[in-house]
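Asker: Let me begin by handing over the structure; questions about it come next.
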Amino acid sequence: MALVGFITVGAGMMLYQAKRPVALSIPREKAAEKEKQDLMHARGPAQAPVTLEEFGDFQCPPCGMISGPLLGIEKDYGPKLRVIFRNFPFPNHQHALEAAYAAEAAGLQGRYWDMHDLLYKEQANWSKAPDAKQLFVSYTKMLGLEMDRFETDIASPTEKARVTADQERGKSLGVNATPSIFINNQGVPTKSLNPMALRAAIDEALRERPAL
Numbered sequence: 009m010a011l012v013g014f015i016t017v018g019a020g021m022m023l024y025q026a027k028r029p030v031a032l033s034i035p036r037e038k039a040a041e042k043e044k045q046d047l048m049h050a051r052g053p054a055q056a057p058v059t060l061e062e063f064g065d066f067q068c069p070p071c072g073m074i075s076g077p078l079l080g081i082e083k084d085y086g087p088k089l090r091v092i093f094r095n096f097p098f099p100n101h102q103h104a105l106e107a108a109y110a111a112e113a114a115g116l117q118g119r120y121w122d123m124h125d126l127l128y129k130e131q132a133n134w135s136k137a138p139d140a141k142q143l144f145v146s147y148t149k150m151l152g153l154e155m156d157r158f159e160t161d162i163a164s165p166t167e168k169a170r171v172t173a174d175q176e177r178g179k180s181l182g183v184n185a186t187p188s189i190f191i192n193n194q195g196v197p198t199k200s201l202n203p204m205a206l207r208a209a210i211d212e213a214l215r216e217r218p219a220l
């Protein structure tokens, strides 16, 4: 799908997108399906009153810009917040798909989120590299992963299928932009994809569903 470009949203944040619907929400049956997926990547307790589900592309600059603030939000809300990440690489990003495979391969060694965070932290470096895989392999050393296993797993059909499943889920929900974020199954509008607005949306969700 051809992408239109960048849109500036509050606090200097931008959204990489094609044509975006005004609002998205996850149907009840899709929400139930989400909780049945054993392969999804989530941080935070399953019983948290607020769930933030992000569809992201590791090479997408706006996703990289918002990754730091999202880490801060996770830290501040602690057990009140659960975060789910879905791979949604765009084909016009040369290394995005391979980056998603790298994260999945790290996940097989229990370090998905470490690789997730590192890929965003180092985005400016690997996204411009002629051979990003060399950098991905160097990141395995930084994370203390088994390199031979990583190089095997990054090409595994199983890992590729997991990324495809995330993409298909996103498309079924009408996602066509990154980052796309849902809070308790309700899509966050483009203008609210900034730290202050996201915190306000989480606070509102907490008022509707307070922590136990």
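In this text, residue positions in the sequence shown follow the numbering used here: the first is 9, and each later residue adds one.
Where a beta carbon is used, it is the ideal one built from N, C-alpha and C, also for glycine.
Ends of the alpha helix (DSSP H) at ILE210?
Answerer: To locate residue 210, count along the sequence shown from 1; it is residue 202. Looking at the DSSP string, the run of the alpha helix (DSSP H) that includes ILE210 is 203-216.
Asker: DSSP on SER164, reduced to helix/strand/coil?
Answerer: Numbered from its first residue, the sequence shown carries residue 164 at position 156. In this structure, SER164 counts as coil in the three-state DSSP scheme.
Asker: Give the DSSP-derived three-state secondary structure of LEU79 in the structure shown.
Answerer: For the purposes of this step, residue 79 is identified with residue 71 of the sequence shown, where counting begins at 1. In this structure, LEU79 counts as helix in the three-state DSSP scheme.
Asker: Among residues of its own chain, excluding the 5 on either side of ASN133, which ones have a beta-carbon nearer than 7 angstroms to its beta-carbon?
Answerer: Residue numbering aside, residue 133 sits at position 125 when the sequence shown is read from its first letter. Within the same chain, ASN133 has close Cβ partners LEU143.
Asker: Could you give the first and the last residue of the continuous beta strand (DSSP E) run that contains SER146?
Answerer: Numbered from its first residue, the sequence shown carries residue 146 at position 138. No beta strand (DSSP E) holds SER146; the alpha helix (DSSP H) holding it covers 140-151.
Asker: Label GLY80 either buried or exposed according to how many other C-beta atoms from any shown protein chain fall within 10 Å of its C-beta, with 16 as the threshold for buried.
Answerer: As a first step, residue 80 is located in the sequence shown; it is residue number 72 there, counting from the start. Counting Cβ neighbours within 10 Å, GLY80 comes out exposed, since fewer than 16 surround it.
Asker: Between which residues of its own chain and GLU167 is the CB-CB distance below 7 angstroms, once the five residues before and five after are set aside?
Answerer: Stepping through the sequence shown from its first residue, residue 167 is reached at position 159. Excluding residues within five positions, the ones whose Cβ falls inside 7 angstroms are TYR109, GLU112, ALA113, ASP161.
Asker: Given this structure, state the Cα-to-Cα distance separating ASN100 from PRO187, to the nearest angstrom.
Answerer: Reading the sequence shown from its first residue, position 92 is the one you call residue 100. Reading the sequence shown from its first residue, position 179 is the one you call residue 187. Approximately 15 angstroms, taken between the alpha carbons.
Asker: Tell me whether the beta-carbon of VAL145 lies closer than 8 angstroms to the beta-carbon of GLU159.
Answerer: Stepping through the sequence shown from its first residue, residue 145 is reached at position 137. Stepping through the sequence shown from its first residue, residue 159 is reached at position 151. Result yes, Cβ atoms of VAL145 and GLU159 sit closer than 8 angstroms.
Asker: Let me check understanding here. Comparing Cα to Cα, which of CYS68, GLY118, TYR85 lies closest to PHE96?
Answerer: Against the sequence shown, residue 96 aligns to sequence position 88. Nearest option by C-alpha distance: CYS68.
Asker: Report the start-end ranges of each alpha helix (DSSP H) in the region 101-135 that is 4 residues or longer and not cut off at the edges.
Answerer: Segments of the alpha helix (DSSP H) lying fully in the region 101-135: 104-115, 120-129, 131-134.
Asker: Spatial neighbours of GLY72 within its chain, please: C-beta separation below 7 angstroms, excluding the five flanking residues on both sides.
Answerer: Against the sequence shown, residue 72 aligns to sequence position 64. TYR128, GLN131, listed in sequence order.
Asker: Which term fits GLU216, buried or exposed, when burial requires 16 or more other beta carbons within 10 angstroms of its beta carbon?
Answerer: For the purposes of this step, residue 216 is taken as the residue at position 208 of the sequence shown. Burial call: exposed.
Asker: Taking the alpha-carbon of GLY52 as reference, which of LEU78, GLY86, ASP65, GLY64 has the nearest alpha-carbon?
Answerer: Translated into positions along the sequence shown, residue 52 becomes position 44. Nearest option by C-alpha distance: GLY86.
Asker: ALA50 and LEU89: beta carbons closer than 8 angstroms?
Answerer: Looking up residue 50 in the sequence shown gives position 42. Looking up residue 89 in the sequence shown gives position 81. Taking 8 angstroms as the Cβ cut-off, ALA50 and LEU89 do not qualify as a contacting pair.
Asker: Around the C-beta of PRO70, are 16 or more other C-beta atoms found within 10 angstroms, so that it is buried, or is it exposed?
Answerer: Taking the sequence shown and counting its residues from 1, one reaches residue 70 at position 62. So PRO70 ends up on the buried side.
Asker: In this structure, how does DSSP classify ALA56 when only helix, strand and coil are distinguished?
Answerer: For the purposes of this step, residue 56 is taken as residue 48 along the sequence shown, with counting starting at 1. Three-state result, ALA56: coil.
Asker: Let me confirm a value: ARG119 is counted as buried when at least 16 other C-beta atoms fall within 10 Å, else exposed. Which label applies?
Answerer: Position 111 of the sequence shown, counted from the start, is the residue given in the question as residue 119. Looking at its Cβ environment, which holds 16 or more other Cβ atoms inside 10 Å, ARG119 is buried.
Asker: Under DSSP, the beta strand (DSSP E) around ALA137 begins and ends at which residues?
Answerer: The residue given as residue 137 occupies position 129 in the sequence shown. Counting along the chain, ALA137 falls outside any beta strand (DSSP E), and DSSP gives it neither H nor E.
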